[in-house]
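Let me begin by presenting the structure, written as structure tokens, before commenting on it.
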């Protein structure tokens, strides 16, 4: 078995290769990812009250996540540039755990999945939250970024839920 039988991003010469999706069927594809930013109670309260010096943290983090999803192929080598039709970023605050949950949904009609875009959206949103709140809490932790579900494509639907 040569390396191209094992790894889709390595060609028969063993070098990095962008997968050819030309012949794949176009299907509706959706991926949902999540991640968490843990922060001090003070930083979380300021976030909820819109009292951080840098402004409306969640609005900026939402825009950053959307931009991150759209730029995924610029950040991740061999990732296909995709024509996303929807990117949605939602935040929920868990005061008891002193954290912000980030959920990203990416959608398109295409020939390749959108899991990487959803993961990038969550990651960039989390980095933006960190950047905008670090003056109050430099000890924040970004954790548990993962894909929750994906639909579409040859491999079908998948979910941890």
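In the working numbering, the protein residues as written are 46 to 206. The beta carbon of each residue, even a glycine, is placed where N, CA and C say it ideally should be. Predicted model only: the values in this text are computed from it and were never measured.
Collapsed DSSP secondary structure at residue i in the structure displayed
i: residue 24; result: Look at the range of the chain in this structure, 46 to 206, and you will see that residue 24 is not part of it.
i: residue 212; result: In this structure the chain extends from 46 to 206, so residue 212 is not present and cannot be described.
i: residue 119; result: helix
i: residue 186; result: strand
i: residue 75; result: strand
i: residue 176; result: helix
i: residue 155; result: strand
i: residue 46; result: Note that residue 46 has pLDDT 39, beneath the 50 cutoff, so the model's placement of it is unreliable and the number below is only indicative. Correct three-state label for residue 46: coil.
According to DSSP, residues forming a beta bridge with residue i
i: residue 80; result: 147
i: residue 204; result: 194
i: residue 133; result: 150
i: residue 139; result: 144
Through-space distance from residue j to residue i, alpha-carbon basis
i: residue 136; j: residue 171; result: 10 Å
i: residue 132; j: residue 121; result: 18 Å
i: residue 150; j: residue 78; result: 7 Å
i: residue 49; j: residue 105; result: Confidence at residue 49 is low in this model, with a pLDDT of 41, below 50, so its placement is unreliable and the value that follows should be read with caution. Rounded to whole angstroms, residue 49 to residue 105 spans 42 Å at the Cα level.
i: residue 47; j: residue 111; result: Residue placement at residue 47 cannot be trusted, given a pLDDT of 42 that sits under 50; the coordinates are not used to answer.
i: residue 80; j: residue 183; result: 18 Å
i: residue 92; j: residue 67; result: 45 Å
i: residue 125; j: residue 63; result: 8 Å
Own chain residues within Cβ distance below 6 Å of residue i, not counting five before or after
i: residue 203; result: 195
i: residue 69; result: 156
i: residue 96; result: none
Close beta carbons around residue i, own chain, < 7 Å, minus the five adjacent residues each side
i: residue 153; result: 74, 127, 128, 129, 130, 159
i: residue 191; result: 78, 79
i: residue 173; result: 105, 106, 109
i: residue 186; result: 83
i: residue 138; result: 89, 93, 145
i: residue 98; result: 180
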